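Following: one structure in structure tokens, then a few remarks.
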Amino acid sequence: MVFITAQEILETVHMIRSENLDVRAVTMGISLDDCAERDPRRTAERVYAKIVRRAGRLVAVADELQEKYGVPIVNKRVAVTPIADVAGSHDPAAYVELAHALDAAAEEIGIDFIGGFSALVQKGFTKSDAALIEAIPEAIGATRRVCSSVNVASTRAGINMDAVVRMADVVLAVARRTADDGSIGCAKIVVFCNVPEDNPFMAGALHGSGEPEVSVNVAISGPGVVRNVVVAHPDASLIELADLIKRTTFKITRVGELIAREASGMLDAQMGIIDLSLAPTPAVGDSIAEILQGMGLEQPGAPGTTAALAMLNDAVKKGGTMATSSTGGLSGAFIPVSEDAAMARAAADGALSIEKLEAMTAVCSLGLDMIIVPGDTPRNALAGIIADVMAIGMVNGKSTGARLIPAYGKQVGDWVSLGGLFGEGPVMAVSTSRNDRFVTRGGRIPAPLQGLTN
Amino acid sequence: MRSTVIVTALGPDGRGLLARIAATIAEQKANIDDVSQTVSNGMFTMIMFVSFDESETSMAGLKDALAKTGDEVGLQVHVQHENIFRFMHRV
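If you're matching them up, the sequences are chains A and B in order. Numbered continuously in the working numbering, the first sequence closes out at residue 861. Numbered continuously in the working numbering, the second sequence closes out at residue 111.
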């Protein structure tokens with residue numbers, strides 16, 4: 408029997424009660440490979456039925472574990488096989504029908520988001536991929552819970568610039584379509600490089616082709632816990648600080664491992680991965696920016712921010728990998744703007760620019776995430792920003808994503824409230840230097856030498 | 021099947037706090053396996069290992085009863101399955 412000390416017990420209770428320690432998401436991945444039918448309506452029926460059958464107990468199981476261990480499990484979600492590989496249709500209307508089936512299934516099982524309205528087009532489009540991408544504005548605009556992601560680049564394939572431009576058009580179309588809600592639809596679309604097949608975080612979750620029939624992936628949390636340990640040691644050297652962060656993320660990850668083991672057993676699913684990402688929320692104290700401030704920066708964006716973030720990200724991963732042998736997903740600190748109140752404040756104060764966030768992307772996880780830009784941002788400017796983020800992922804052999812929100816009718820400096828976990832933030836400035844000739848050349852940026860590893 | 025939970029109670033010190041919590045646990049047909057309690061600067065801290073037979077006692081019922089007692093005596097009482105403590109600090 409493992410001996411537990413009183414100090415460890417009280418520390419655990421304190422982390423949960425006072426420092427916002429929670430499990431950010433339990434995400435069930437479900438293969439829809441066996442749902443394809445010649446009739447799109449029949450496919451939609453089978454998709455709905457399978458999700459409800461396999462994930463019908465997801466919320467109840469998560470609630471039961473929350474009660475048992477006293478740890479909040481904030482989000483319960485489902486990720487499915489990329490829908491472009493399921494529908495077997497070249498008609499965008501068929502994909503919209505599938506989006507409605509996903510939405511209805513999510514509502515039936517009581518979850519807020521379902522991911523996988525997705526396609527992987529890093530090297531080119533199949534007719535199915537093209538139809539799905541054409542359907543995204545209607546699918547996202549007409550549903551509440553469906554999230555979409557499109558992988559347009561990889562280290563092995565390069566960057567499909569035609570797909571980048573097409574996705575910029577899609578994002579603008581969704582912004583217009585959901586204009587009355589602050590263009591909130593764009594928060595449910597991620598453009599990826601090297602998309603992970605087992606990512607539990609929305610909006611980019613999907614159930615990849617190498618995944619089992621059903622899996623349970625768990626996203627840890629804990630910016631508040633890490634922030635508190637950093638703030639409590641203002642005089643620690645950077646080496647000492649890295650050790651403190653490692654010890655803390657070890658504990659956070661162990662909680663994720665426990666939940667993943669039990670949830671997968673109770674749901675008759677294979678245990679998937681633990682995503683080591685620190686994911687902020689708009690709640691005070693649940694912030695990556697506040698960790699950076701605790702490390703000694705006045706605001707995120709101050710000189711030294713990229714170095715501090717690199718250290719934080721590395722320490723989180725080192726602590727986490729000691730705690731679980733099942734790392735996966737995105738596993739890096741998230742730096743969204745609207746979802747992190749202190750990050751949004753730094754952007755509003757002018758301390759943080761899109762260009763600085765791009766530099767930060769090079770050393771952490773998701774990329775340019777939840778960044779609100781002017782509604783009249785030109786299509787090619789958006790495409791250029793997306794391409795830059797993809798290039799960082801491609802060359803560094805890691806996952807990067809862009810979740811940009813061109814808030815319809817809003818200008819630089821306006822404040823946009825997206826609601827709930829999406830948070831709020833300022834409209835950030837986009838460079839006005841033109842890039843049209845580069846972006847519209849068409850074709851693909853070739854894979855870099857880093858892709859030739861064999 | 022027997023389950024073991026860890027009950028923690030934190031709050032301002034007062035008379036009979038441990039007795040009230042112990043009485044609630046007895047009422048719920050659960051057993052105290054181990055207990056430690058200290059008072060420092062007027063703050064009461066208690067850690068209790070409690071086991072019960074799941075056919076006689078539900079964790080939810082135990083939690084509700086202890087939360088009610090905690091409200092009455094001014095303590096924050098938490099009930100968590102022991103595995104989270106065993107898991108969190110070691111591989």
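The C-beta atom is built at its ideal place from N, Cα and C for all residues, glycine as well. Every value quoted in this text rests on a predicted model; they were computed, and no experiment measured them.
- Boundaries of the beta strand (DSSP E) around Asp53/B: 51-60.
- Across the set Gly617/A, Leu789/A, Val770/A, Val493/A, the C-alpha of Leu789/A shows the shortest separation from the C-alpha of Ser840/A.
- Scanning the stretch 463-493 of chain A for uninterrupted beta strand (DSSP E) segments of 3 residues or longer gives 480-487, listed from N- to C-terminal end.
- Annotated as proximal: Val577/A and Ile540/A, with beta-carbon spacing under 8 angstroms.
- Within chain B, the residues placing a beta-carbon under 8 angstroms from that of Glu474/A are Met79, Ala80, Lys83, ordered along the chain.
- Counting along the chain, Met66/B sits inside the beta strand (DSSP E) bounded by residues 63-73.
- For Phe64/B, the closest Cβ of chain A is not nearer than 8 angstroms.
- Interface criterion not met: the Cβ of Asn61/B is under 8 angstroms from no Cβ in chain A.
- DSSP, reduced to helix, strand and coil, places Ser23/B within a strand of the structure shown.
- Proximity to His614/A across Thr784/A, Val487/A, Ile458/A peaks at Val487/A, based on C-alpha coordinates.
- Among the residues of the stretch 629-660 of chain A, those with a Cβ less than 7 angstroms away from any Cβ of chain B are Lys658, in the order of the chain.
- In this structure, the CA atom of Ala717/A is about 43 angstroms from the CA atom of Ser23/B.
- The CB of Val662/A comes closer than 9 angstroms to the CB of Ile104, Phe107, Met108 in chain B, given here in chain order.
- According to the DSSP secondary-structure assignment, Leu579/A is paired through a beta bridge with no residue.
- Beta-carbon to beta-carbon, Ala769/A and Asn803/A are separated by about 7 angstroms, close enough to satisfy the 8 angstroms threshold.
- By the C-beta density criterion, Arg573/A is buried, having at least 16 other C-beta atoms within 10 angstroms.
- Annotated three-state conformation of Phe524/A is strand, per DSSP.
- Gln48/B has a beta carbon lying at 8 angstroms or more from every beta carbon in chain A.
- Bounds of any alpha helix (DSSP H) do not take in Thr807/A; it lies within the beta strand (DSSP E) bounded by 807-814.
- Counting only runs of 4+ residues, the alpha helix (DSSP H) found wholly inside the stretch 749-805 of chain A occupies 761-768, 786-803, in chain order.
- Not a single CB atom of chain A sits nearer than 8 angstroms to the CB of Thr44/B.
- Below the 8 angstroms Cβ cutoff, chain B contributes Val111 as neighbours of Met729/A, in chain order.
- Cα atoms of Ala612/A and Met797/A: separation of roughly 18 angstroms, rounded to the nearest angstrom.
- A buried status is given to Lys817/A, since no fewer than 16 other beta-carbon atoms sit within 10 Å of its beta-carbon.
- Less than 8 angstroms divides the Cβ of Val602/A from the Cβ of Ser556/A.
- Burial check for Arg461/A: the Cβ neighbour count within 10 Å reaches 16 or more, so the residue is buried.
- In the assembly as shown, Glu647/A is an exposed residue. Its beta-carbon has fewer than 16 other beta-carbons within 10 Å.
- Here Ile52/B has Ala42, Ile45, Met68, Phe69, Val70 as same chain residues with Cβ atoms under 8 angstroms from its own Cβ, once five neighbours each way along the sequence are excluded.
- Residue-level contact check: Val420/A touches chain B, since one or more beta carbons of chain B fall below 8 angstroms from its beta carbon.
- Here Asn61/B is exposed. Its C-beta has fewer than 16 other C-beta atoms within 10 Å.
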